[in-house]
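S.K.: Here you go, one structure.
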Amino acid sequence: MSKPTKPLQRIALAPHPSLPSGDQEAAQIGAFLRGFGLQTSQGSLYNDDLRRQVQDGEIDLVIALGGDGTMLHAGHLCGPLGIPILGINMGHFGFLTEVRRDQWIELLPRLLTSDYWLEERMMLRAEQWRGDDLLGAWEVLNEVVVCRGHIVRPVHLHASVDGRFLTTYVADGLIAATPTGSTAYALAAGGPILPPELRNILLVAVAPHLSVDRTIVLAEGACVSITVQTDRHVVLSPDGQPPIDLVEGDRVDAYASENSVHFLRFQDPGYFYRNLTPHMSQNPSTVRQ
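Numbering (numbering that gives the first Met the number 0), first residue to last: 0 to 288.
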């Protein structure tokens, strides 16, 4: 938890492009903020102009309009740059968003008096290695997953921590997750829920067969390495992004990134536990789109 260190003058409004009323809602928020003398710009997180403004340091705050997927995408852009994110929930689920759609008129004036706090959330750096060659690297907020591809059979994944052999999993996959990711795929796979301020790494097996079936909680400074030991189709997916094919012998390393994502919060720090039960009683797949 940290307090703001500078006033927020330049604000980017980033609605999810598939939201039918996203642009209209963002335009209304922009007009509202300009009425208080703030500068605003608008565009989706896929918009080159908006991304350039963020990357060039021309933005102090990104207001993301959407659901948790929009917040993840904003985190990928803003985390390495240290730019805070405020989420307005226009989706069906909202573990990461802060403001309901009907709340922003009430809450946004608090930006002017710095009446908020910044929540720091750990990111992971994930790397794909083939021998001594680094083939790709990603910054993730939720998790990195190594799992079976299109063939529905378990795969063999060799896991080590800080260079020390842990075990070989025979499973559908293996998840290395942050505390933020503990309420995402890791939760669905039976992992524990960790509060967001922790900086641990969860190692969760997906449908393990005669393998370690308990989640392992690793320290922040740990590096987990997952090596493919099968000739079956295996893929890597960082934060649910399109899968990347792996071959036998490929290694995926995951460890705490030097970057963090900062979420702007108006609620008190106990919000996570207060909201946990209502969130857990929801199933977004049962809500009509």
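C-beta atoms are modelled at their ideal positions from N, C-alpha and C, and glycine is treated no differently.
Alpha carbon to alpha carbon, what distance is there between PHE262 and ARG198?
M.R.: Numbered from its first residue, the sequence shown carries residue 198 at position 199. Numbered from its first residue, the sequence shown carries residue 262 at position 263. For ARG198 and PHE262, the distance between alpha carbons rounds to 15 Å.
S.K.: Between ILE87, PHE94 and SER1, which has its C-alpha nearest LEU186's C-alpha?
M.R.: Along the sequence shown, one-based indexing puts residue 186 at 187. Looking at the Cα atoms, PHE94 is the closest of the given residues.
S.K.: Sort CYS146, THR214 and PRO207 by Cα distance to PRO241 and report the nearest one.
M.R.: Working through the sequence shown from its first residue, we reach residue 241 at position 242. The residue with the shortest Cα to Cα distance from PRO241 is CYS146.
S.K.: Nearest to VAL233 by alpha carbon, out of ARG109, ASP47 and HIS157?
M.R.: On the sequence shown, position 234 is the one that residue 233 refers to. Closest option to VAL233, Cα to Cα, is HIS157.
S.K.: Is the stretch 112-126 close to the stretch 39-48, with three or more CB pairs under 8 Å?
M.R.: With a cut-off of 8 Å, the stretch 39-48 and the stretch 112-126 do not count as touching, because too few Cβ pairs lie within range.
S.K.: In whole angstroms, what separates the C-alpha of VAL144 from that of ASP22?
M.R.: The residue you call residue 144 lines up with position 145 of the sequence shown. The residue you call residue 22 lines up with position 23 of the sequence shown. Between VAL144 and ASP22, the C-alpha separation is close to 33 Å.
S.K.: In or out: LYS2 buried (at least 16 other Cβ within 10 Å) or exposed?
M.R.: Along the sequence shown, one-based indexing puts residue 2 at 3. Counting Cβ neighbours within 10 Å, LYS2 comes out exposed, since fewer than 16 surround it.
S.K.: Determine the burial state of GLY81: buried for a count of at least 16 other Cβ atoms within 10 Å of its Cβ, exposed for fewer.
M.R.: The residue given as residue 81 occupies position 82 in the sequence shown. GLY81 should be labelled exposed.
S.K.: On the CB-based measure, 16 or more other CB atoms within 10 Å of its CB, does ALA13 come out buried or exposed?
M.R.: In the sequence shown, residue 13 corresponds to position 14, counting from 1. The residue in question, ALA13, is buried, as its Cβ has 16 or more Cβ neighbours within 10 Å.
S.K.: Take the Cβ of LEU60 as the centre, count every other Cβ of all protein chains shown within 10 Å, and call the residue buried at 16 or more, exposed below.
M.R.: Translated into positions along the sequence shown, residue 60 becomes position 61. Buried: at least 16 other Cβ atoms inside 10 Å.
S.K.: Beta carbon of ILE62, beta carbon of LEU85: below 7 Å?
M.R.: Translated into the one-based positions of the sequence shown, residue 62 becomes position 63. Translated into the one-based positions of the sequence shown, residue 85 becomes position 86. Yes.
S.K.: Whether or not the stretch 181-195 and the stretch 245-252 are in contact is what I'm after, with contact meaning three or more pairs of Cβ atoms, one per stretch, closer than 8 Å; do they touch?
M.R.: Taking 8 Å as the limit for Cβ pairs, the verdict is that the stretch 181-195 does not touch the stretch 245-252.
S.K.: For the stretch 135-222, which segments carrying the beta strand (DSSP E) assignment without a break, of at least 3 residues, lie completely within its bounds, in sequence order?
M.R.: Within the stretch 135-222, the complete beta strand (DSSP E) runs of at least 3 residues are 142-147, 154-160, 163-170, 172-176, 200-205 and 215-217.
S.K.: Along the alpha helix (DSSP H) that carries ASP244, what are the first and last residues, could you check?
M.R.: Here residue 244 refers to the residue found at position 245 when the sequence shown is read from its first residue. Note, ASP244: premise wrong, no alpha helix (DSSP H); beta strand (DSSP E) at 243-245.
S.K.: Let me know if GLN127 comes out buried or exposed under the rule of 16 or more other beta-carbons within 10 Å of its beta-carbon.
M.R.: On the sequence shown, position 128 is the one that residue 127 refers to. Flag for GLN127 reads buried.
S.K.: My understanding is that PRO79 touches VAL139, with C-beta atoms under 8 Å, so please give their C-beta distance in whole angstroms.
M.R.: Within the sequence shown, numbered from 1, the residue matching residue 79 stands at position 80. Within the sequence shown, numbered from 1, the residue matching residue 139 stands at position 140. Not confirmed; about 12 Å, so no contact.
S.K.: What's the call for HIS208, buried or exposed, on a 16-neighbour Cβ count within 10 Å?
M.R.: Indexing the sequence shown from 1 puts residue 208 at position 209. The residue is exposed, with fewer than 16 neighbouring Cβ atoms inside 10 Å.
S.K.: In whole angstroms, what separates the C-alpha of LEU18 from that of LEU64?
M.R.: Taking the sequence shown and counting its residues from 1, the one referred to as residue 18 is at position 19. Taking the sequence shown and counting its residues from 1, the one referred to as residue 64 is at position 65. If you take the alpha carbons of LEU18 and LEU64, they lie about 9 Å apart.
S.K.: Nearest to GLY148 by CA position, among LEU71, ASP48 and LEU173, is which residue?
M.R.: Position 149 of the sequence shown, counting from 1, holds the residue named residue 148. Per the Cα distances, LEU173.
S.K.: Give every residue of the same chain whose Cβ lies closer than 7 Å to the Cβ of GLN8, excluding the five residues on either side of it in the sequence, and list them in chain order.
M.R.: Here residue 8 refers to the residue found at position 9 when the sequence shown is read from its first residue. Excluding positions up to five away in sequence, the list reads LEU37, GLN38 and ASP59.
S.K.: Taking 7 Å as the threshold (C-beta atoms), are VAL260 and GLY56 in contact?
M.R.: Translated into the one-based positions of the sequence shown, residue 56 becomes position 57. Translated into the one-based positions of the sequence shown, residue 260 becomes position 261. No, the Cβ-Cβ distance between GLY56 and VAL260 is not below 7 Å.
S.K.: Going by alpha carbons, who is nearest to THR166 out of PHE271, ALA218, ALA204 and THR177?
M.R.: The count along the sequence shown starts at 1 and reaches residue 166 at position 167. Selected option, being the one with the closest Cα: ALA204.
S.K.: By DSSP, does ARG23 sit in helix, in strand, or in coil?
M.R.: Mapped onto the sequence shown, residue 23 falls at position 24. Residue 23 is actually Gln in this sequence, not Arg. Three-state DSSP puts GLN23 in a helix.
S.K.: Within the same chain, show all residues whose beta-carbon is closer than 6 Å to that of VAL211, passing over the 5 residues directly before and after it, in chain order.
M.R.: Counted from its first residue, the sequence shown places residue 211 at position 212. Here the set comprises THR166.
S.K.: Within the stretch 13-101, note down every full beta strand (DSSP E) run reaching 3 residues or more, in order along the chain.
M.R.: DSSP runs (the beta strand (DSSP E)) wholly in the stretch 13-101: 38-41, 60-65 and 84-88.
S.K.: Could you tell me which of GLY180, VAL53 and ILE243 sits nearest to LEU134, measuring between CA atoms?
M.R.: Counted from its first residue, the sequence shown places residue 134 at position 135. Checking every option, the nearest Cα to that of LEU134 belongs to ILE243.
S.K.: From the DSSP output, in three-state form, read off THR226 for me.
M.R.: The residue given as residue 226 occupies position 227 in the sequence shown. Of the three classes helix, strand and coil, the one that applies to THR226 here is strand, per DSSP.
S.K.: Check for me: the beta strand (DSSP E) holding LEU110 runs from which residue to which?
M.R.: Sequence index remark: in the sequence shown, residue 110 carries index 111 (1-based). Note, LEU110: premise wrong, no beta strand (DSSP E); not H, not E.
S.K.: State the CB to CB distance for the pair LEU107 and LEU202, rounded to an integer number of angstroms; the pair is presumed to be in contact (CB under 8 Å).
M.R.: Counting from one through the sequence shown, the residue named residue 107 turns up at place 108. Counting from one through the sequence shown, the residue named residue 202 turns up at place 203. Their Cβ separation, rounded to whole angstroms, is 40 Å, which puts LEU107 and LEU202 out of contact at 8 Å.
S.K.: Looking only at its own chain, which residues have a Cβ that is under 8 Å from the Cβ of PRO16, when we skip the five neighbours before and after it?
M.R.: Within the sequence shown, numbered from 1, the residue matching residue 16 stands at position 17. Excluding sequence neighbours, PRO16 sits near SER43 and TYR45.
S.K.: What are the boundary residues of the alpha helix (DSSP H) that LEU106 is part of?
M.R.: To locate residue 106, count along the sequence shown from 1; it is residue 107. Element bounds for LEU106: 103-106.
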